[in-house]
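Novice: The listed protein sequences correspond, in order, to chains G and D. Under numbering that gives the first Met the number 0, read the first sequence as residues 0 to 101, first letter to last. Under numbering that gives the first Met the number 0, read the second sequence as residues 0 to 101, first letter to last. Quick reminder that beta carbons are idealized off the backbone N, C-alpha and C, glycines included. Since this is a predicted model, take the numbers as computed values, not measurements. Please read through the structure below; I'll follow up with questions.
2 protein chains.
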Amino acid sequence: MVLFRRSLGDILRSRRTDLGLTLREVSGAARVSLGYISEIERGQKEASSELLASLCDALEMPLSDVLREVADAVALEEAALVAAAPTPIAPRRAPVVAASAA
Amino acid sequence: MVLFRRSLGDILRSRRTDLGLTLREVSGAARVSLGYISEIERGQKEASSELLASLCDALEMPLSDVLREVADAVALEEAALVAAAPTPIAPRRAPVVAASAA
């Protein structure tokens, strides 16, 4: 199952490190506890919509951009799941049995 | 503030009605209470990632597509907010006062 919070956490952490910000700095800017942000980044906690908006502000990234990046990551995961799924075997037709009048 | 759950609710409801499904049918397919789905569609409750995955399955729409549609809707909201924001007034330069030797 592809989980939104996991891809979201990856994108948020990636953006934070791209900006060279520490968890503490984002925690201060977004007014969210450091431990909570850390759990969100690891995909262990769901972020409420209000918290997500605060994090986007702190990371100077519009929510729409975050969601597009998450959508792209999720699409890759979905494709990988399809590729890994066992190929369904076409059911063999039952052999035609000639009717015999015994 | 642009809230993820509001746009998500709109997209999920729109998809359900496009498919001609009732809340009861989606509730049965996704194994989520009818009232909860209704609250999610109205943007009043956050959907957990597991619930979101179940809803996507029930609505036969990949999560990545849902997120792309939400991202597009959020981008429109963001643009509307920027357009509605008051134009900042450029600060006037202080008038130059000629130095006078009194």
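Comparing alpha-carbon positions, which option in 56/D, 28/D, 11/D lies nearest residue 39/D?
Specialist: Locating residue 39/D in the second sequence gives position 40, where the first residue counts as 1. Per the Cα distances, 11/D.
Novice: Taking residue 19/D as the reference, which of 74/D, 6/D, 57/D has the closest Cα?
Specialist: Counted from its first residue, the second sequence places residue 19/D at position 20. Considering only alpha carbons, the answer is 57/D.
Novice: Determine which residues of the segment 65 to 85 of chain G have a Cβ less than 7 Å from any Cβ of chain D, and write them out in chain order.
Specialist: Under the 7 Å Cβ criterion, the segment 65 to 85 of chain G contributes 66, 67, 69, 70, 73, 74, 77.
Novice: On the three-pair Cβ rule with 8 Å, is the segment 63 to 80 of chain D touching the segment 81 to 88 of chain G?
Specialist: Contact fails: fewer than three Cβ-Cβ distances are below 8 Å.
Novice: Helix, strand or coil: how does DSSP classify residue 8/D here?
Specialist: Within the second sequence, the letter at position 9 stands for residue 8/D. Helix at residue 8/D.
Novice: Quick one: grab the DSSP three-state call for residue 46/G.
Specialist: On the first sequence, position 47 is the one that residue 46/G refers to. It is coil, neither helix nor strand.
Novice: Going by C-alpha to C-alpha distance, which of 45/G, 1/G, 62/G, 83/G sits closest to residue 14/G?
Specialist: Taking the first residue of the first sequence as position 1, residue 14/G is located at position 15. Taking only the C-alpha atoms, the option nearest residue 14/G is 62/G.
Novice: Exposed or buried, which one is residue 53/D when buried takes at least 16 other CB atoms within 10 Å?
Specialist: As a position in the second sequence, residue 53/D is number 54, starting the count at 1. Counting Cβ neighbours within 10 Å, residue 53/D comes out buried, since at least 16 surround it.
Novice: Since I believe residue 1/D is in contact with residue 66/D (beta carbons under 8 Å), could you give me their beta-carbon distance rounded to a whole number of angstroms?
Specialist: Within the second sequence, residue 66/D is the residue found at index 67, counting from 1. Within the second sequence, residue 1/D is the residue found at index 2, counting from 1. That pair is no contact at about 15 Å.
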